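Have a look at the structure below before the remarks.
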Amino acid sequence: MVSRPIGRIAVTDVGPVVERGERPAKSVTGEEFEITATVFREGHEAVAAAVVLTGPDGHEHRTRMSLVDAGLDAWSASVSADRPGRWSYRVEGWSDPHGTWHRDAVIKVGAGVDVELMLEEGARLLEQAVAEVPRTAEQATVLTTAIAGLRDTAQPPEARLSGGVSAEVRAELADRPLREYVTPSPEFPLLVERERALYGAWYELFPRSEGAHVDALGRWRSGTLATAAGRLDAVAAMGFDVVYLTPIHPIGQVNRKGRNNALRAEPGDPGSPYAIGSLAGGHDAIHPDLGSFDDFDAFVGRARELGLEVALDLALNCAPDHPWIAAHPEWFTTRADGCIAYAENPPKKYQDIYPLNFDNDPEGLYAEIRRIVQVWLDHGISAFRVDNPHTKPLWLWERLIADVATEHPGVIWLAEAFTRPPMMHTLAKVGFQQSYTYYTWRHTKDELEQYCAELAGPAAAYMRPNFWPTTHDILTPFLQRGGPAAWKTRAALAATLAPSYGIYAGYELMERIARPGAEEQIDNEKYEYKDRRWAEQTAGTSLAPYLTALNQIRRAHPALHRLRNLRFHHADDGHVLVFSKARRLHDRDDVIIVVANLEPDHTRDTWIHLRMPELGLGPSDRFVAHDLITGQHWTWAEHNFVRLGPDTEPVHIVHVRLEGVTSPR
1 MVSRPIGRIA
11 VTDVGPVVER
21 GERPAKSVTG
31 EEFEITATVF
41 REGHEAVAAA
51 VVLTGPDGHE
61 HRTRMSLVDA
71 GLDAWSASVS
81 ADRPGRWSYR
91 VEGWSDPHGT
101 WHRDAVIKVG
111 AGVDVELMLE
121 EGARLLEQAV
131 AEVPRTAEQA
141 TVLTTAIAGL
151 RDTAQPPEAR
161 LSGGVSAEVR
171 AELADRPLRE
181 YVTPSPEFPL
191 LVERERALYG
201 AWYELFPRSE
211 GAHVDALGRW
221 RSGTLATAAG
231 RLDAVAAMGF
241 DVVYLTPIHP
251 IGQVNRKGRN
261 NALRAEPGDP
271 GSPYAIGSLA
281 GGHDAIHPDL
291 GSFDDFDAFV
301 GRARELGLEV
311 ALDLALNCAP
321 DHPWIAAHPE
331 WFTTRADGCI
341 AYAENPPKKY
351 QDIYPLNFDN
361 DPEGLYAEIR
371 RIVQVWLDHG
381 ISAFRVDNPH
391 TKPLWLWERL
401 IADVATEHPG
411 VIWLAEAFTR
421 PPMMHTLAKV
431 GFQQSYTYYT
441 WRHTKDELEQ
451 YCAELAGPAA
461 AYMRPNFWPT
471 THDILTPFLQ
481 RGGPAAWKTR
491 AALAATLAPS
501 YGIYAGYELM
511 ERIARPGAEE
521 QIDNEKYEYK
531 DRRWAEQTAG
541 TSLAPYLTAL
551 NQIRRAHPAL
561 HRLRNLRFHH
571 ADDGHVLVFS
581 KARRLHDRDD
591 VIIVVANLEP
601 DHTRDTWIHL
611 RMPELGLGPS
621 DRFVAHDLIT
631 GQHWTWAEHN
641 FVRLGPDTEP
651 VHIVHVRLEG
661 VTSPR
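If you're matching positions, the sequence shown starts at 1 in full-length UniProt numbering and goes up one per residue.
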């Protein structure tokens, strides 16, 4: 590989760059992110730099960079894109003759060395800037006035020099600089997507359980898409943005699993919706118990009326009686005994699911998958939660997501990939907008700080986390043992650490009993109907009001819509987590501080220590801290005492009231 030669000005180490620029970095509309570079040249001449964002229409947007570390020649700028599409960016470095003259002139004029020569050279540089760089007459007046002052021998040298290096001159040259030896970096790709790709609150439900009931003969009757639509008002009222449906397709009869993953299903057991396919159809069909496509369209229509998007589970699993088994046996793996291999994730076995083999007929299988995805796009689906994408080849997702984006650029793909980091990160790089994460199993202060620093740091250029405290088949020991405070804590952290988070239906009820020997709920909804009788069973015990409050806080505070602005602060107690998020909006900051007791069944008394510059404050400033959960107000400063325990809320979500900031004289 031939190296790119260094230009006249060295512009190196540009970031963020994903896979050496072979894949795009990512942002969403209006999201500020930092571009960095190392820019320097030989000798002592001054240099400067700018970021150039190029939009989908080819229009360039230039942002001046700041020197953040002179010893390392490190430059930085915060930029944002104003609309979705495929953008690019580069860093331009140049020699800054006015900057070099400014530095030298201050030294020499102050020492009485070459005074007239230095002042004349400054005047000529400004004349060059007026002649060579387009600017209005008003803008040019700033420079011509300085030129006249530099040559005004009636004034003392110091006064003449001050005009040539005034704040007004420096500001004008910052906006319209005199640039020599301009040297660009390579052009790097940037994919800008709609905000829902980064920010949103997801709510998962099993349509068959919404409205499920036991009839007069003691037999379970499935809920339908029509009855599930009745749950949408409550989901919207809690402030969720996306309702995610587990698979709604026909379920296989062969090897159907029974309750609690039993190998044998009893009469009336509905089976796992992830064992897709039967004589009633496959991935392009709706389970007859749930209704018709008209019912599905009505469900999507009602969701849209309520401001909800609908996401559908894309689970490329096949039951043994899926239509593909007979029509395309080459799409599966046949073992030495002639049987088709069922899915395994040792020690787990999924006898009711046959995984696909993508190596025998990749083109034929891809065409069929693309077809079924289009079926659901045509019926209003705007997001897919993809089941176990790490068990399918990466080329499939790269091709499929890009293919869909050509006609449906707003579609969001959420990877349910609880797997090794390289696979999770690469799934994001090949196109997934969001990913489930290890948050579910990160509980200690060190675990959360280290993991979230990674997600909000280098990985944020391409990977967006979606935090889920539980899923329909994951129930951690922390929540098994914890009471309401534990469930509040995990929901609050998910909702504030990450801009996207998700809640599985039933979280409101704190369903915390695990199946013996498994880290999942007993009587798992994946294998049976659930009649939660929401109105009857939640009176006084539901977390729905708390989730509603979290979502209201998220919507009201743009700082929580972002990931890269996460900053951790210090607490003396190792079980208390402190972090903040800040976002500048319309010339003022939205600043949120979260303080969480990670052992909410024990009272923690501790001092917290805030990194005031991260809040836009000075070390001596005092401000009004408004707890958005309780409505309480306190006066806080750099060091604050907090008490969190069973007799209080387990988490403070504090809005920094900047209008209340006071600075001691």
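Ideal placement from N, C-alpha and C gives every residue a C-beta, glycine not left out. Here the structure is a predicted model, which is why all the values come from computation and not from measurement.
Integer-rounded CB distance, given that residue j should sit under 8 Å from residue i
{"i": "residue 677", "j": "Gly252", "result": "Shown here, the chain extends from 1 to 665; a query on residue 677 therefore has no answer."}
{"i": "Ile248", "j": "His287", "result": "6 Å"}
{"i": "Asp352", "j": "Arg256", "result": "6 Å"}
{"i": "His97", "j": "Glu172", "result": "In the sequence on display, residue 97 carries Pro and not His. Rounded, the Cβ-Cβ distance is 15 Å, inconsistent with contact."}
{"i": "Pro650", "j": "Ala596", "result": "7 Å"}
{"i": "Asp233", "j": "Glu309", "result": "The pair is not a contact, with the Cβ atoms about 16 Å apart (cut-off 8 Å)."}
{"i": "Ser500", "j": "Arg464", "result": "7 Å"}
One or two residues paired with residue i in a DSSP bridge
{"i": "Cys452", "result": "Partner(s): none; Cys452 has no beta bridge."}
{"i": "residue 671", "result": "With the chain represented from 1 up to 665, any question about residue 671 goes unanswered, as that position is not in the structure."}
{"i": "Leu205", "result": "Leu245"}
{"i": "Ala50", "result": "Arg64, Glu92"}
{"i": "Lys349", "result": "Glu344"}
{"i": "Pro465", "result": "Ser435"}
{"i": "Phe568", "result": "Phe579"}
{"i": "Leu191", "result": "Lys26, Arg86"}
{"i": "Leu493", "result": "DSSP, once it has assigned bridges, lists no residue as partnering Leu493."}
Environment of residue i [buried if 16+ CB atoms lie within 10 Å]
{"i": "Ser663", "result": "exposed"}
{"i": "Ile6", "result": "exposed"}
{"i": "Ala167", "result": "exposed"}
{"i": "Thr246", "result": "buried"}
{"i": "Gly43", "result": "exposed"}
{"i": "Ile513", "result": "exposed"}
{"i": "Val642", "result": "buried"}
{"i": "Val68", "result": "exposed"}
{"i": "Ser88", "result": "buried"}
{"i": "Thr12", "result": "exposed"}
{"i": "Lys26", "result": "buried"}
{"i": "His639", "result": "exposed"}
{"i": "Asn345", "result": "exposed"}
{"i": "Glu528", "result": "buried"}
{"i": "His602", "result": "exposed"}
{"i": "Phe293", "result": "exposed"}
When the options are compared against residue i, the one with the closest alpha-carbon
{"i": "His655", "options": "Leu615, Phe641, Asp13", "result": "Leu615"}
{"i": "His472", "options": "Lys530, Ala486, Leu178", "result": "Lys530"}
{"i": "His569", "options": "Leu543, Met612, Arg420", "result": "Met612"}
{"i": "Gly380", "options": "Trp397, Val386, Asn466, Gly410", "result": "Gly410"}
{"i": "Gly431", "options": "His626, Phe40, Leu191, Ala70", "result": "Leu191"}
{"i": "His213", "options": "Leu644, Val578, Trp534, Ala405", "result": "Trp534"}
{"i": "Leu279", "options": "Gly163, Ile325, Pro267, Val165", "result": "Ile325"}
{"i": "Pro157", "options": "Ala111, Thr145, Ala131", "result": "Ala111"}
{"i": "Asp297", "options": "Pro186, Asp82, Val375", "result": "Val375"}
{"i": "Ala201", "options": "Ala549, Ile608, Asp601, His626", "result": "Ala549"}
{"i": "Ile372", "options": "Ala285, Arg83, Trp75", "result": "Ala285"}
{"i": "Gly419", "options": "Ala25, Leu400, Tyr436, Trp87", "result": "For the record, residue 419 in the displayed sequence is Thr; it is not Gly. For Thr419, the nearest C-alpha among the options comes from Tyr436."}
{"i": "Gly55", "options": "Gly218, Val624, Gln128, Glu193", "result": "Glu193"}
{"i": "Ser222", "options": "Glu525, Leu543, Gly540", "result": "Glu525"}
{"i": "Ile592", "options": "Gly502, Ala495, Tyr504, Arg604", "result": "Ala495"}
{"i": "Pro458", "options": "Gln433, Leu563, Pro320, Leu53", "result": "Leu563"}
{"i": "Pro24", "options": "Thr648, Pro646, Glu187", "result": "Glu187"}
Residues near residue i by beta carbon distance below 6 Å, same chain, minus five either side
{"i": "Lys108", "result": "Asp114, Met118"}
{"i": "Pro393", "result": "Phe358"}
{"i": "Thr333", "result": "Ala341, Asn357"}
{"i": "Val235", "result": "Tyr203, Val243"}
{"i": "Val14", "result": "Ala37, Val91, Ser185"}
{"i": "Gln552", "result": "Gly239"}
{"i": "Val578", "result": "His569, Ala571, Val595, Ile608"}
Neighbourhood of residue i by C-beta, 8 Å cutoff - its chain only, sequence neighbours within 5 removed
{"i": "Asp104", "result": "Met118"}
{"i": "Ala402", "result": "Gly431"}
{"i": "Ala174", "result": "Arg64"}
{"i": "Met1", "result": "At Met1, the pLDDT of 46 sits below 50, so the modelled position is not reliable and the matter cannot be decided from this model."}
Contacting residues, own chain, Cβ-Cβ under 7 Å from residue i (five flanking each side not counted)
{"i": "Asn565", "result": "Ala559, Lys581, Ala582, Arg583"}
{"i": "Glu330", "result": "Asn360, Asp361"}
{"i": "Ser95", "result": "Ile9, Arg41, Glu45, Val47, Glu180, Tyr181"}
{"i": "Asp152", "result": "Arg160"}
{"i": "residue 732", "result": "Residue 732 cannot be examined here, being either before or after the span of the chain that is shown, 1 to 665."}
{"i": "Phe626", "result": "For the sequence presented, residue 626 should be read as His rather than Phe. Once the five neighbours on either side are set aside, the close Cβ partners of His626 are His633, Val654, His655, Arg657."}
{"i": "Leu493", "result": "Ala596"}
Cβ-heavy atom distance, residue i to the ligand MG, below 7 Å
{"i": "Leu119", "result": "The ligand MG is not among the ligands present in this structure, which contains no ligands whatsoever."}
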